[in-house]
Structure formats: structure tokens, C-alpha cells
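Here is the structure we will look at.
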Amino acid sequence: MKKSNYARIALAALFLIAIAAFFYFDGAQYLTLEALKAKRELLSGWVSHNFLLALFSFIAVYIAVTAVSLPGAAVLTLAGGALFGLLWGGIAVSFASSIGATLAFLASRFLLRDAIRAKFADRIKGIEAGVKKDGAIYLLSLRLVPLVPFFVVNLLMGLTPIRTATFYIVSQIGMLPGTLAFVFAGTQLAKITSLKSILSPSLIAAFAVIGLLPLVLKFLLNFIAARKIYRGYKKPKSFDYNLIVIGAGSAGLVSSYIAAAVKAKVVLIEKHKMGGDCLNTGCVPSKALIRSARLLADARASKKYGISSMSAEFDFAEVMARVQSVVAKVEPHDSALRYESLGVNCINGAAKLVSPWTVEVNGKTLSARSIIIATGARPLIPNLPGLDAISYLTSDTLWQIKALPKRLLVLGGGPIGCELAQAFARFGSVVTIVGRAPRLLPREDEDVAALLRDVFIAEGIQLALGHTAVEFKAQAEGGLLIAEFDGKRVEFAFDQVLIALGRKANVEGFGL
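Counting along the sequence shown from 1, when you hit position 265 you're at 315 in the working numbering, and nothing is skipped either side.
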């Protein structure tokens, strides 16, 4: 067992012992409003004769209670005001509460964070990214609103990547209004009948308003930043359209359709083909190809369906011709003719943004109150030596081939690489998948990737995972990929190579 695990066990045991002892010896009886009021005179006399000792003892107790997340912090805050007054009580409680909160934060981080991240790594990426960007704002808002128990904030923040120094400073500032309110209430202890009487509805509302201030400030800063982007551009007094959509793929088509359905005046600009990747090079052709490959696989596995034998003959060129016929069958649904009939003005041309409200296309300038960028993505091509010297395929260019490659190398074990690798293997290609990740589909659940690996191996697909591509070399027939694995160089010969390393957003070349 690692030393860190022993330390975690020891710290967890210490916390459990402290909490158990607190409840076993009924420590809660000393941290009630009634106990404080009953012993106020006795404690005040001791404080007057031993001020510094009493002050530092109070701070130590407060830190301990807060660090272990025990109930009683509210009563201790009142005690700070009752025994030490608004000034010294406020200082003592402010620092003690922040130090104790930070210790609880660190304990939560040390004990729980690694386990939580290991189990929910993919699910908390968005939360961690948000905390890294605006964690201080969120924490300040939580600290300013006493409706959220502070010990819960301490423990949850420990699971996030917020810096310890940031947590402490923001906590010190954010808890100050509530601290001073409670400390002041403590100076008026004789008038307090219950803790609920301190947090009146009006006081809670005031704290809520204060808590919203950081979020309002963030909104204003974002608004100011947005206005800076528009500086130097003149907004038209009137617009040609309500909406300009750049790109007629899935997102652009749906956006245009909805806009037209609500009677907006909309123009859709596409420089290539209507339907975008989904119709022409993605969803439609790939699923058509997969359907034909699945038919061959079912024929080979006919015994599984109670048929002793089944044979199938095919011409790969005819298979690819069928794929294009499926695309042609779906094409009218995404055509300019159909969208014109829906009320969308469709323009074939390359759009260029001139200002936040105007676009140039085919020598004309169009203006709209809003512009949607729906330009999609393209295959990600790595910067590898020798790649330009060979004729490589991508998910965009694959659909033009007519002959089945004998040896197909697929670079990338993501969804595109996997589905096309299996399809070509079922047609009869000798397929090898080379991936840098240690498993297929690295963004999916491990059990799914393991299942797919077993299926691929059973179907004869060769897997070279954990391999880093280094360079390509052209040969008389096809080429050679040189990769590194475990410090050694490995060579893979191929007739055709499919680059399937993901997609890259189209955000360049049109003035964005």
C-alpha cells in the first residue's frame, strides 16, 4: 500500500474519532445558545482576567470545530461577539472560520478527491473546467449567502481544482458580512431568544442580494468585453434578414428550418454541397456502407441463424455505387429546392464576415440582426513526415475509391476509424488499426471498448494500440508506417491508409 493511502486512513480515522468523541461526550450541549447565555457571566470574568489566553483558546476551539465540520459554528460566532466585542470578536471569528474552513477543504481534497476523479473523470471535466475559469466567483456567491451550509461548501470545493490560496482569500472575504452580522448579534446576546431570530427573512433577503452581486458583476464584465468586440463597427439601422446561417450541414439546416417556421426572414449560405458532412461524407454514406458489410457478415455467420451455409458475391465498385445512390435518395430532403419552398433563401457561395452584422457572398453584402456559424469540421491531418508523399484517405475522400484495398491501415481508434475498419474487414481487406491510446474508443466506457476489441479480434482485425506514429514512407505499392511502441520502432505496410484521428472545427478563412 502506498504511503499516501496510509496517511488517508490515519486522517480519516482521526476525523472519525473526533466526531465520535464529540457526540459520545455530548459536546453539543456546550455549543447551544442556552449554554452560552447561562455561562456568559462566568466566561466574561475569565476573559477579562486572561484576555489573550482566552482569545487564542477561542480561536483554537473555533478552528477545530470548523475543520472537523462539527455543528456549533453559529453559536461560537455569537460567543465571539458576546465575550470579545465586535472588533476583537469579528477579527477572531473571521480568521478562525477561514482557517478552519481551509483545513476542512484540504482534508476533503486529500481524502476524497482522487477517488472521485478516478470514478467520475469524464463526468466532472465540465465542472472542473468551470471552476478553473470562474471558481472564485462561484465560491464568493456561496459564501455571501448563508442559506448554503458553509461546511458543505468546504467539503465540495475540496473536490474541485480551485487553488488553496484562492479558496482561503475568497472565504475570508465572502464570510465577512455574515460573520460581522452574527458577531454583532452576539454583543446583543441578552435580546436573542433563538438562532432563527438572527436570520430574519429580511436579513436572509439582504444576504441573497449580496450573494448575487458577484454574478451580476461577472455578467457586466462579460457585457463590457462583448461591447469591446463591436467597437469600430457600425451597426446597420435596418437589416436585410433576421438571420444569416453560414453552412448548410446538419446544424445549419435545422437552424434555417426553425427560423423559417417561425416566419423569420432567413438566408442560408453554403459554399460546397447542401447537407454538409452528414449527407455527403458522414452519416448517410457510412451507414449505407456498413449495411452492405453487415449483410456479408451475416451470410458468413449463417449457421448462427439456423442456415447451414450461405454465400455472397459482390463487386466493391457496385457497393460504392449503391452508397452514392443512397446519398442521392436522401439528397432532395436537404436540397436548396426544398428549403426555398420552406421560405429559406439559399445561396451557393463562400461567405465572408465583414462585421458582426454583415456578410459578403458572391460580390454582394447581406446584413442580419443575428448570424449563425454552422461551418462544421474537417478531418484532422497530423503533421507527420512523409504523409504528403503518399495518397492517403480520410472520411471525406474515402467515398471516391472503386477498388477494395488488400491491406488497409487505419490510423486512429476512435468512432470513425472503428466503424470503417470493421466495414472494410468484412468486405475482405486485411485491416490494421494503429492507435496512440492504449484502447479503442478512449472517450467511451472501458467495458464498451473491451467488448469492441474482442469483436474486432474475432473478425480478424489487427490491433496495434499504444503505438505512436512517427513517419510514413512511400513504396512502389502503397506505403509504410513507422511507429514507436515501448521504445521500439515498428513497421506497418499497407496498400491504402485511412487517417481517422478526429475532426477539426472549420473556423478559419471566412473572417471570423
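We treat Cβ as the ideally placed atom computed from N, Cα and C, and that holds for glycine.
It should be emphasised that the depicted structure is a prediction, and the values quoted were computed from it without experimental measurement.
Residue F155 holds the alpha-carbon nearest to the alpha-carbon of A215 among E381, T237, F155.
Restricted to the segment 501–547, the beta strand (DSSP E) segments that are unbroken, complete and at least 3 residues in length are 512–515, 518–524, 529–535, 538–544, listed in chain order. Beyond the five residues adjoining it in sequence on each side, A309 comes within less than 6 Å, by CB distance, of L293, V316 in the same chain, given in chain order. Listed in chain order, the beta strand (DSSP E) runs fully inside the segment 400–486 are 408–411, 414–423, 427–429, 457–461, 480–485, counting runs of at least 3 residues.
Residue pairing by DSSP puts Y291 in a beta bridge opposite A418. Taking the CA atoms as reference points, D290 sits about 22 Å from I279. Counting along the chain, the unbroken alpha helix (DSSP H) around R344 starts and ends at 333–350. In this structure, DSSP gives N272 a helical state, which the three-state scheme calls helix. Nearest C-alpha to L318 among Y389, L491, M207: Y389. Its chain contains F366, F477, G478, S479 as the residues whose beta carbon lies nearer than 7 Å to that of L454, once the 5 sequence neighbours on both sides are disregarded; these appear in chain order. Taking 8 Å as the cut-off, the beta carbon of L136 is found no closer than this to the beta carbon of L81.
Taking C-beta separations shorter than 6 Å and ignoring five residues to either side along the sequence, the partners of G393 in its chain run A310, following chain order. Contact annotation: the segment 542–551 touches the segment 462–477, with at least three C-beta pairs closer than 8 Å. By the criterion of a C-beta distance shorter than 6 Å, A362 is surrounded in its chain by L346, A349, once the five residues flanking it on both sides are discounted.
Exposure of E541 is indicated by the presence of fewer than 16 other C-beta atoms within 10 angstroms of its C-beta.
Exclusion of the five residues before and after L161 leaves R58, L61, A62 as the residues of its chain whose Cβ lies within less than 7 Å of its Cβ. Pairwise C-beta distances place the segment 445–464 in contact with the segment 480–492, as three or more of them are shorter than 8 Å.
Proximity of the segment 63–73 to the segment 104–123 meets the contact definition, three or more beta-carbon pairs being nearer than 8 Å. The alpha-carbon of L403 is positioned some 13 Å away from that of R419. In this chain, the alpha helix (DSSP H) harbouring E84 covers 83–88. In this structure, the alpha-carbon of S405 lies about 29 Å from that of L387. Within a 10 Å sphere around the beta-carbon of E320 sit 16 or more other beta-carbons, which makes this residue buried. Take the alpha-carbon of M324 and the one of K538: they are about 47 Å apart. When the five nearest sequence neighbours on each side are left out, the beta carbons in the same chain lying within less than 7 Å of the beta carbon of F234 are those of G131, L136, in order along the chain. Between I212 and G185, the gap from beta carbon to beta carbon is short of 8 Å.
Counting along the chain, K554 sits inside the beta strand (DSSP E) bounded by residues 553–555. With respect to R503, R489 sits close: the two C-beta atoms are nearer than 8 Å. Under the three-state reduction of DSSP output, E320 falls in the strand class. Collapsing the DSSP output to three states places I174 in coil. Fewer than three Cβ pairs drawn from the segment 354–361 and the segment 429–436 lie within less than 8 Å of each other, which leaves the two stretches out of contact.
Taken through DSSP and simplified to helix, strand or coil, I166 comes out as helix. Rounded to whole angstroms, the gap between the alpha carbons of A475 and A526 is 23 Å. DSSP, reduced to helix, strand and coil, places N398 within a strand of the structure shown. E368 and I174 have their C-alpha atoms roughly 47 Å apart. In the DSSP assignment, I549 forms a beta bridge with L461. If you draw a straight line from the Cα of K523 to the Cα of I532, it comes to about 8 Å.
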